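Asker: Questions regarding the structure given below will be posed in turn.
Residue numbers (my numbering), protein chains in the order written: chain A, 5 to 294; chain B, 224 to 675.
Here you go:
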């Protein structure tokens, strides 16, 4: 089983480890992700103005590129997933918009591509049972807080493939990998997202609530599928001790990194050095990292 | 079929499905006019939702005290044939001559000889969570819904009964002074013939498991409005003391959340459930009457208090009982250090709000009663996209249906409060009575012709 794959800018740069671990894991599971031969930035925000068609051009070009390759498009970055899937919804529901955009990009997207989050593919096509069967090094004893952020869940009617207020997909994957997902209340709370640019304090406080809640629930690591959440939660911790004395940092990982470890893959290029809070000592201590 | 085509004399007898206040009101109106009523109720006893309530708004009447005389009157009325623990299975025929098949569930108690002494319930060793008490109280495996049950006869819940489960026990049988326990009892199917039907199936509450943000089912001190009614009720599991489920302590900070599932077109129900603003004000007020040093918070979208003396009632809650009204929604409820943390927003000040509460009470959307869809199907009645019965015409035929001789009463049609339900049920009863009156005059004419 092969699926066309759109990595997006973040997974091509800062979140390269997410990307490498993901491709290696999917290949090991027999569900190869084939990168689109040519792709561009998705635009990174879905326009909320109904008549703002220009912002839809970039994601439509991505859909067009996917159309050349087949009828399914896998996306790992939750922001890209949100933008491209919602653009696709809009184009499928609105023939006028589709016509206008096609005229503008001087090509013909036909609306036939199915936009899927990689976690959704893992759950529904590969199946967590198959993942479990493929696990070579179970993450026994590792307590993890699954963190979803907002982008794969909201707005639910358009993008959610899981309960938006009490999602399970990541938790269930972690169980398949032999880890222990902790029960905690903030798995779908906002991390502050782009507020990091405008109000450092607000993001720091929002991140602190999430990070401290995960630790109170007994988590040794937080696992997410959102690069922006990962960045915020990870980096905010560098200065957290100033505001919250005695704060102990907790590693924030991509699910693909743990997936790769559990599948027994070579983890050299999983981007460990890019994390602000290094996860390796914690993993090594528990025997999950050489 | 029109009246002219009816060859047999139409039957001046009515079937009413559901014995909550709507069904009871219609039954009493029709029975008091001298006509026979067959009143079918799925539960073992009558009274419906109102039997669960503590007090009514805006008068703060004790619900049980004003309801019990009505249930007793229904129970003893010579023109009312009460069929409780029963469900309508099939309806054939048309206006003037419906043939109705009714299944009476096995109660495993012979109600003809049971005296209602209650000894069996006292001696039964099996305690289970009670639906009637909305999970905040327990009952036995042999039970009546409440001490005021009409009829005051118990049923055995087969799923919970130790004897049915393991073949041993029979404590109830041992202690029953009149030998009324009958483990061999089976369902009984009866047929009734009636000329008209009133549907009064009522409502349920929106399943809060669909609202993960409120933690209902995971956080023990998050309960729904009906459970809070039971905590407030003198005949409830705490004898009217406000105690929270987790540790039985008196809650000092209580957060009430309105519109739990109502007015949410994106995710839940798009409509306003109409009664929640009023009963939440009542809840907050009654809480303050019982816990003087407690603080009540109400999160609301808008306050909808349209009704006689309703707005004054809400004002009283705010001004005299110092209930803190916060205009905004709650984004998350979770448990931390024994508290129920409530994260919400106050849209008037533009700030986020966090309350470390002891108890959270949700006001869930009203939804059609489970099983209402099956009733609609067997009567061939239309329902709307949410499952509420639809009247023949919204303006001038609010209790009529498209099917001649079949009428609607109460919250089967949509959210409504007690006074509106009662008015509507009397309206449905009047429609039935006008049919019966017309049939009387036609039958008289026919007999005169025969005599001549």
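C-beta atoms are modelled at their ideal positions from N, C-alpha and C, and glycine is treated no differently. Values in this document were obtained by computation on a predicted structure and should not be read as measured data.
(1) In whole angstroms, give me the CA-to-CA distance for residue 275 of chain A and residue 223 of chain A.
(2) Could you give the distance in angstroms between the alpha-carbon of residue 4 of chain A and the alpha-carbon of residue 488 of chain B?
(3) Where does residue 131 of chain A sit, in a helix, a strand or coil, going by DSSP?
(4) If you pair each beta-carbon of the stretch 390-397 of chain B with each one of the stretch 622-642 of chain B, do three or more pairs fall below 8 Å?
(5) Got a sec? Which residues, its chain only, sit under 6 Å from residue 175 of chain A by beta carbon, not counting five neighbours each side?
(6) Do three or more CB pairs link the stretch 475-489 of chain B to the stretch 377-392 of chain B at distances below 8 Å?
(7) Let me confirm a value: residue 152 of chain A is counted as buried when at least 16 other C-beta atoms fall within 10 Å, else exposed. Which label applies?
(8) What residues in its chain sit with their C-beta under 6 Å from that of residue 242 of chain B, if we drop five residues either side in the sequence?
(9) Compute the beta-carbon to beta-carbon distance between residue 181 of chain A and residue 263 of chain A, rounded to the nearest angstrom, for a pair I have assumed lies under 8 Å.
(10) Taking only runs that begin and end inside the stretch 412-469 of chain B, name each unbroken beta strand (DSSP E) of 3 or more residues, in chain order.
(11) Taking just the CA atoms, how far does residue 523 of chain B sit from residue 509 of chain B?
(12) Of the choices B:640, B:275 and B:266, whose alpha-carbon is the least far from that of residue 454 of chain B?
(13) Which residues in the same chain as residue 627 of chain B place their Cβ atom closer than 6 Å to its Cβ, once the five residues preceding and following it in sequence are excluded?
(14) How about the stretch 404-411 of chain B and the stretch 324-336 of chain B: do they share at least three Cβ pairs that are nearer than 8 Å?
(15) Can you list, in chain order, the residues of its chain whose CB lies under 8 Å from that of residue 361 of chain B, leaving out five sequence neighbours each side?
(16) Give a yes or no on whether 9 Å exceeds the smallest Cβ distance from residue 508 of chain B to chain A.
(17) Between residue 511 of chain B and residue 504 of chain B, how many whole angstroms is the CB-CB distance? I'm expecting something under 8 Å.
(18) How would you label residue 250 of chain A, buried or exposed, when you count the other beta carbons within 10 angstroms and need 16 or more for buried?
(19) With DSSP run on the structure shown, which of helix, strand or coil describes residue 669 of chain B?
(20) Here's the rule: buried if 16 or more other CB atoms are within 10 angstroms of the residue's CB, otherwise exposed. What is residue 273 of chain B?
(21) Please decide whether residue 492 of chain B counts as near chain A, where near means a Cβ-Cβ distance under 9 Å.
(22) Residue 436 of chain B versus chain A: which residues are under 7 Å apart at the beta carbon?
(23) For residue 419 of chain B, count the other beta carbons within 10 Å of its own beta carbon; 16 or more makes it buried, fewer makes it exposed. Which is it?
(24) Using the three-state DSSP reduction, which class does residue 172 of chain A fall into: helix, strand or coil?
(25) At 9 Å on the CB atoms, spell out the chain B contacts of residue 161 of chain A, in chain order.
(26) Taking the alpha-carbon positions, what's the residue 92 of chain A to residue 446 of chain B distance?
(27) On the DSSP bridge list, what partners appear for residue 274 of chain A?
(28) Taking residue 252 of chain B as part of the alpha helix (DSSP H), name the residues at either end of that continuous run.
(29) State buried or exposed for residue 491 of chain B, treating a residue as buried only when at least 16 other CB atoms are found within 10 Å of its CB.
(30) In its own chain, which residues sit with a C-beta less than 8 Å from the C-beta of residue 458 of chain B, not counting the 5 before and 5 after it?
(31) How long is the line joining the alpha carbons of residue 226 of chain A and residue 575 of chain B, rounded to whole angstroms?
(32) Quick one: measure Cβ to Cβ for residue 570 of chain B and residue 551 of chain B, integer angstroms, because I've assumed they're closer than 8 Å.
(33) For the stretch 537-559 of chain B, which residues have a beta carbon sitting closer than 9 Å to at least one beta carbon of chain A?
(34) Could you tell me the boundaries of the beta strand (DSSP E) in which residue 74 of chain A lies?
(35) Using the Cα positions of residue 641 of chain B and residue 321 of chain B, report the straight-line distance between them to the nearest angstrom.
(36) Consult DSSP for residue 653 of chain B and reduce its assignment to one of helix, strand or coil.
Answerer: Straight from the coordinates:
(1) Numbered from 1 along the first chain, position 271 holds the residue referred to as residue 275 of chain A. Numbered from 1 along the first chain, position 219 holds the residue referred to as residue 223 of chain A. In this structure, the CA atom of residue 275 of chain A is about 22 Å from the CA atom of residue 223 of chain A.
(2) There is simply no residue 4 of chain A to check, as chain A begins at 5 and stops at 294 in what is shown.
(3) Position 127 of the first chain, counted from the start, is the residue given in the question as residue 131 of chain A. Note: residue 131 of chain A maps to helix in three-state DSSP.
(4) Taking a cut-off of 8 Å on C-beta distances, the stretch 390-397 of chain B does not touch the stretch 622-642 of chain B, as fewer than three cross pairs fall below it.
(5) Counted from its first residue, the first chain places residue 175 of chain A at position 171. These residues qualify, in order along the chain: 150 and 185.
(6) no
(7) Position 148 of the first chain, counted from the start, is the residue given in the question as residue 152 of chain A. Counting the other Cβ atoms within 10 Å of the Cβ of residue 152 of chain A gives 16 or more, which makes it buried.
(8) Counted from its first residue, the second chain places residue 242 of chain B at position 19. Residues 262, 264 and 269 of the same chain have their beta carbon placed closer than 6 Å to that of residue 242 of chain B, with the five preceding and five following residues left out of the count.
(9) Start at 1 with the first residue of the first chain, and residue 181 of chain A comes out as number 177. Start at 1 with the first residue of the first chain, and residue 263 of chain A comes out as number 259. Distance from residue 181 of chain A to residue 263 of chain A at the Cβ level is roughly 6 Å; contact confirmed, criterion being Cβ atoms closer than 8 Å.
(10) If only uninterrupted beta strand (DSSP E) runs of at least 3 residues are considered, those enclosed by the stretch 412-469 of chain B are 419-422, 426-428 and 445-447.
(11) One-based indexing of the second chain puts residue 509 of chain B at position 286. One-based indexing of the second chain puts residue 523 of chain B at position 300. Roughly 18 Å between the two C-alpha positions.
(12) Taking the first residue of the second chain as 1, we reach residue 454 of chain B at position 231. With distances taken between Cα atoms, residue 454 of chain B lies closest to B:275.
(13) In the second chain, residue 627 of chain B corresponds to position 404, counting from 1. Excluding positions up to five away in sequence, the list reads 318.
(14) yes
(15) Within the second chain, the letter at position 138 stands for residue 361 of chain B. Cβ within range, chain order: 350, 351, 352, 353 and 460.
(16) Position 285 of the second chain, counted from the first residue, corresponds to residue 508 of chain B. For residue 508 of chain B, the nearest beta carbon of chain A is not closer than 9 Å to its own beta carbon.
(17) Translated into the one-based positions of the second chain, residue 511 of chain B becomes position 288. Translated into the one-based positions of the second chain, residue 504 of chain B becomes position 281. About 11 Å separates the two Cβ atoms, so there is no contact after all.
(18) The residue given as residue 250 of chain A occupies position 246 in the first chain. Exposed.
(19) Numbered from 1 along the second chain, position 446 holds the residue referred to as residue 669 of chain B. Only weak support exists for where residue 669 of chain B lies, its pLDDT of 47 falling under 50; the coordinates are left without a value.
(20) Indexing the second chain from 1 puts residue 273 of chain B at position 50. By the neighbour-count rule (16 or more Cβ atoms within 10 Å), residue 273 of chain B is buried.
(21) Taking the first residue of the second chain as position 1, residue 492 of chain B is located at position 269. With 9 Å as the cut-off, residue 492 of chain B does not count as an interface residue toward chain A.
(22) The sequence position of residue 436 of chain B within the second chain is 213, counting from 1. Within chain A, 169 have C-beta atoms less than 7 Å from the C-beta of residue 436 of chain B, given in sequence order.
(23) Here the question's residue 419 of chain B lines up with position 196 in the second chain. With at least 16 other beta carbons inside 10 angstroms of its own, residue 419 of chain B counts as buried.
(24) As a first step, residue 172 of chain A must be located in the first chain, where it is residue number 168. In this structure, residue 172 of chain A counts as coil in the three-state DSSP scheme.
(25) On the first chain, position 157 is the one that residue 161 of chain A refers to. Per Cβ cutoff of 9 Å: 489 and 490.
(26) For this step, residue 92 of chain A is matched to residue 88 along the first chain. For this step, residue 446 of chain B is matched to residue 223 along the second chain. Taking the straight line joining both Cα atoms gives about 40 Å.
(27) Position 270 of the first chain, counted from the start, is the residue given in the question as residue 274 of chain A. Answer is none; residue 274 of chain A lacks a bridge partner.
(28) Within the second chain, the letter at position 29 stands for residue 252 of chain B. Start and end: 244-255.
(29) One-based indexing of the second chain puts residue 491 of chain B at position 268. Buried, by the Cβ-count rule.
(30) In the second chain, residue 458 of chain B corresponds to position 235, counting from 1. Here the set comprises 287, 369, 370 and 371.
(31) In the first chain, residue 226 of chain A corresponds to position 222, counting from 1. In the second chain, residue 575 of chain B corresponds to position 352, counting from 1. Near 26 Å, if we compare the C-alpha coordinates of residue 575 of chain B and residue 226 of chain A.
(32) Here residue 570 of chain B corresponds to residue number 347 of the second chain, with the count starting at 1. Here residue 551 of chain B corresponds to residue number 328 of the second chain, with the count starting at 1. The Cβ separation is near 4 Å, so the contact holds.
(33) Within the stretch 537-559 of chain B, the residues whose Cβ lies closer than 9 Å to some Cβ of chain A are 554, 555, 556, 557, 558 and 559, listed in chain order.
(34) One-based indexing of the first chain puts residue 74 of chain A at position 70. From DSSP, residue 74 of chain A is part of no beta strand (DSSP E); its letter is neither H nor E.
(35) Numbered from 1 along the second chain, position 418 holds the residue referred to as residue 641 of chain B. Numbered from 1 along the second chain, position 98 holds the residue referred to as residue 321 of chain B. Each residue's Cα considered, the two are about 30 Å apart.
(36) Residue 653 of chain B sits at position 430 when you count from the first residue of the second chain. Note: residue 653 of chain B maps to helix in three-state DSSP.
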